[in-house]
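Line by line, the protein sequences give chains A and B. The numbering of the first sequence is the numbering used here, which starts it at 1 and goes up by one. The numbering of the second sequence is the numbering used here, which starts it at 1001 and goes up by one.
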Amino acid sequence: MDCLSDAELQAVVDNEADAASRAHVAGCARCRARADARREQMTVIAAMANADVPPALETRVRDAIAAGGPARGSTALRPSAPRGWSQANPWVSALAAAAIVGLIVFTGLPRFGAPATLSASEILGRSLQTLSGARGIEQLDFELAFTGFSGPHRIQQLVDHEHPNRYKVADFGPDGVLQSAFSEDSLTGRRSHLVRVDGRNYIIELSSVQAPPFSLPQLAQAQVETVIGMMQATSDQKLTTIDTPHGKQYVIQIPPVTPAAKGASTVDLYDARVVIDGADFGIRELEASGAMFKQPYHLSFRLIRRSTRQPADAGAAAFTIPASPGDVVLTGDATNDPVSDVLGTVLRELGRLKGD
Amino acid sequence: MFRGAAGAIMTTIAAAWMKPLDALPLAGPASADPESEVLRLFADHGSSLFRFCRMTLGGADEAEDIVQETFLKLLQHLRAGGDRANLKSWLFTVAANGCRDRLRARRRWLPWQAELDQRTVEAPDEEPDRRLASAAARGLPPRDLLLISLRAQGLSYRDIGIAAGIQEGSVGRLLARAVDRWKRRLDEAQRTHKL
Chain A
1 MDCLSDAELQ
11 AVVDNEADAA
21 SRAHVAGCAR
31 CRARADARRE
41 QMTVIAAMAN
51 ADVPPALETR
61 VRDAIAAGGP
71 ARGSTALRPS
81 APRGWSQANP
91 WVSALAAAAI
101 VGLIVFTGLP
111 RFGAPATLSA
121 SEILGRSLQT
131 LSGARGIEQL
141 DFELAFTGFS
151 GPHRIQQLVD
161 HEHPNRYKVA
171 DFGPDGVLQS
181 AFSEDSLTGR
191 RSHLVRVDGR
201 NYIIELSSVQ
211 APPFSLPQLA
221 QAQVETVIGM
231 MQATSDQKLT
241 TIDTPHGKQY
251 VIQIPPVTPA
261 AKGASTVDLY
271 DARVVIDGAD
281 FGIRELEASG
291 AMFKQPYHLS
301 FRLIRRSTRQ
311 PADAGAAAFT
321 IPASPGDVVL
331 TGDATNDPVS
341 DVLGTVLREL
351 GRLKGD
Chain B
1001 MFRGAAGAIM
1011 TTIAAAWMKP
1021 LDALPLAGPA
1031 SADPESEVLR
1041 LFADHGSSLF
1051 RFCRMTLGGA
1061 DEAEDIVQET
1071 FLKLLQHLRA
1081 GGDRANLKSW
1091 LFTVAANGCR
1101 DRLRARRRWL
1111 PWQAELDQRT
1121 VEAPDEEPDR
1131 RLASAAARGL
1141 PPRDLLLISL
1151 RAQGLSYRDI
1161 GIAAGIQEGS
1171 VGRLLARAVD
1181 RWKRRLDEAQ
1191 RTHKL
């Protein structure tokens, strides 16, 4: 009998196998070792699945049964957003996502003191001013949920505000594994893309990069300014001041607007809520829904950490994507079209391999 | 890796793991009043159902909600004179559907609220290795996570097939792939890929 397949081996470990498979494992050292390894994995899974059952659960279920309806729990989901958003054009989603990544610029260095009283419009205005006041090298960690993304993402971004087109953005999945990254360094003329496919990192390194007129963060900043400007222009914003362990924060919300029945405008804002730090007017949280390029979007942003340093403290290595063992690295020369650069580099490599 | 820490609980888990579903107590005679029967079934399966939901959803609060909803549906099912054969499988099927709905709802946009944010909530006493293993599981495709979670509660392939809505004959193959994918993710996470 041939050695067992993974499925047959799994069945042996799960006591679901037939006699022939069990007999084979008993007599085959290789399959026995594979079964032992798989059994150990299942043991880890079983341990992971084990959890203490809250003592209150039984009481809660008893109460619900007695009442014939649900007892109040600790979780209550708010009404869901309308379906269908995930069908948005992925390219538009990507552009809009880039805009959101640009939110980091809201957390620029403090430039203004906080007066005793401010209107919502004034606070938004100061956030816009803060937006253009960031200096030095800024690193931000934030969580982002966005239409079309597979799940919540943790983004790490490094921006050199002293040199345009010098930045790095990395996207980590819910499990903490790096999913994609993009970096550009106008000082060295290098641009790198990292894409993770089937558990392997592919890094495309391009040299001779000519800096585009606007970097990704700059484009995003312009779009975010538009959104904040629209919030500022709304006449009936709701402003709340809250005291937190980290100081005073402003919460500004604009009333929800029903989307137009006959298609959206180029840029529309249907609903938005922003939390602004009372000390530096940087954005701490942002929730918004609307349309961009006539495609609907929803986003949720939360700043986790922000730090700044002097440009001298960050060398060129900080703006590259280093390869790890097992990563596939492709190199090429850049043009003014980043998408074609990536595609061209990959196709050239493919052609070279075929030619071999 | 987990042997030392989880050794005490493994015996208990292994006992349930090895026990065929048919040997577990199922619903009693149809004449029993539905409320008593639901409570008896909760005593028998409530804990494993909670653990299944918690593993699938990653948070205890939502798991409690699903368990409560599941047993309320069971009450309605019994009051309506529904089929009482293999109610354990019925319970896991309903809970799996509830978890699936919650996961779908998470993928839609919700206003950010700390009490809704399950992503960073972890059991304070969870060991780092176990936390890593859990994170690797939560990164799996929904069906993989569902199959692993069901098997982790000792369900047979037949009952996993019913709860997950797949052919019994496909369970072993799909489960093996799910375990392989989880192991790969765990290995990657342990390598701690850093920029």
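We treat Cβ as the ideally placed atom computed from N, Cα and C, and that holds for glycine.
{"Query": "Does the beta-carbon of TRP1109/B have 16 or more other beta-carbons within 10 angstroms, so that it is buried, or is it exposed?", "Result": "Low confidence applies here, because TRP1109/B scores a pLDDT of 46, under 50, leaving its location unreliable; read the following figure in that light. Its Cβ being crowded by 16 or more others within 10 Å, TRP1109/B is buried."}
{"Query": "Thinking C-beta only, is SER180/A closer than 8 Å to THR320/A?", "Result": "no"}
{"Query": "Are the C-beta of LEU1087/B and some C-beta of chain A separated by less than 8 Å?", "Result": "no"}
{"Query": "Which one of SER192/A, ILE203/A, PHE172/A has the shortest CA to CA distance from GLU1188/B?", "Result": "PHE172/A"}
{"Query": "Just the Cα atoms here: how many angstroms apart are VAL1067/B and LEU353/A?", "Result": "55 Å"}
{"Query": "Return yes when the Cβ of GLN232/A is within less than 8 Å of the Cβ of GLY125/A, no when it is not.", "Result": "yes"}
{"Query": "For VAL339/A, does the count of other Cβ atoms within 10 angstroms reach 16, so buried, or fall short, so exposed?", "Result": "exposed"}
{"Query": "For VAL197/A, decide whether its Cβ has a neighbour in chain B, counting only Cβ atoms nearer than 8 Å.", "Result": "no"}
{"Query": "Return the CA-CA distance between THR1056/B and ASP175/A, expressed in angstroms with no decimal places.", "Result": "14 Å"}
{"Query": "Whose C-beta lies closer than 8 Å to the C-beta of LEU178/A among residues of the same chain, with five residues either side of it excluded?", "Result": "ALA170, ASP171, PHE172, LEU194, ARG196, ASN201"}
{"Query": "For a cutoff of 8 Å on Cβ pairs, would you count GLU349/A as touching chain B?", "Result": "no"}
{"Query": "For HIS379/A, list the residues DSSP reports as bridge partners.", "Result": "Because chain A spans 1 through 356 in this model, residue 379/A falls outside it and cannot be assessed."}
{"Query": "So ASP2/A contacts chain B; which residues on that side make the cut at Cβ distance below 7 Å?", "Result": "Here the premise fails: no neighbours, minimum Cβ distance about 16 Å."}
{"Query": "From the beta carbon of ILE45/A, is the nearest beta carbon of chain B less than 8 Å away?", "Result": "yes"}
{"Query": "What does the alpha-carbon distance come out to for the pair THR345/A and VAL329/A?", "Result": "11 Å"}
{"Query": "Closer than 7 Å by C-beta to THR335/A: which residues in its own chain qualify, once you throw out the five before and the five after it? Chain order, please.", "Result": "ASP341"}
{"Query": "Provide the residue span of the beta strand (DSSP E) that contains THR241/A, from first to last.", "Result": "238-244"}
{"Query": "Return the CA-CA distance between LEU206/A and ASP333/A, expressed in angstroms with no decimal places.", "Result": "5 Å"}
{"Query": "Kindly indicate which three-state DSSP category LYS294/A falls into: helix, strand or coil?", "Result": "coil"}
{"Query": "So which residues on chain B does VAL371/A lean against when the C-beta distance must stay under 8 Å?", "Result": "Residue 371/A lies beyond the stretch modelled for chain A, which goes from 1 to 356, so this question has no answer here."}
{"Query": "Contact criterion: CB-CB distance below 8 Å. Does MET292/A meet it with respect to chain E?", "Result": "Among the chains of the structure shown, chain E does not appear; the protein chains present are A and B."}
{"Query": "Mapping the DSSP letters down to three states, classify ARG373/A as helix, strand or coil.", "Result": "The structure shown has nothing for residue 373/A, since chain A only spans 1 to 356."}
{"Query": "Does the region 46-59 of chain A come close enough to the region 1040-1056 of chain B to have 3 or more Cβ pairs within less than 8 Å?", "Result": "yes"}
{"Query": "Taking only beta-carbon positions, decide if VAL1038/B is within less than 8 Å of chain A.", "Result": "yes"}
{"Query": "Could you please tell me which residues of the region 27-43 of chain A, in chain order, have their CB closer than 8 Å to any CB of chain B?", "Result": "ARG38, GLN41, MET42, THR43"}
{"Query": "Can you list the residues of chain A that GLN1167/B reaches, using a CB-CB cut of under 7 Å?", "Result": "Ordered by position in chain A, no residue passes the 7 Å Cβ test against GLN1167/B, which lies about 13 Å from the chain."}
{"Query": "Determine the DSSP secondary structure at SER127/A, reduced to helix, strand or coil.", "Result": "helix"}
{"Query": "Among the candidates THR188/A, ALA7/A, ARG306/A, LYS238/A, whose CA atom is the shortest distance from the CA of ASP280/A?", "Result": "ARG306/A"}
{"Query": "Where does LYS168/A land, buried or exposed, given buried means 16+ other C-beta within 10 angstroms?", "Result": "buried"}
{"Query": "Which value, in whole angstroms, describes the spacing of the CA atoms of VAL61/A and TYR1157/B?", "Result": "28 Å"}
{"Query": "Mind reading off the beta-carbon distance from ALA1133/B to LEU1186/B? Whole number of angstroms is fine, and I expect it under 8 Å.", "Result": "6 Å"}
{"Query": "I'd like to know whether the C-beta of GLN139/A is nearer than 8 Å to at least one C-beta of chain B.", "Result": "no"}
{"Query": "Excluding sequence positions up to five away, which residues of its chain have a Cβ less than 6 Å from the Cβ of LEU1074/B?", "Result": "VAL1038"}
{"Query": "With 8 Å as the threshold, decide whether the Cβ of MET48/A is near any Cβ in chain B.", "Result": "yes"}
{"Query": "Mind checking which residues open and close the alpha helix (DSSP H) that includes GLU1035/B?", "Result": "1034-1057"}
{"Query": "Using only the alpha-carbon positions, how far apart do HIS153/A and ARG302/A sit?", "Result": "11 Å"}
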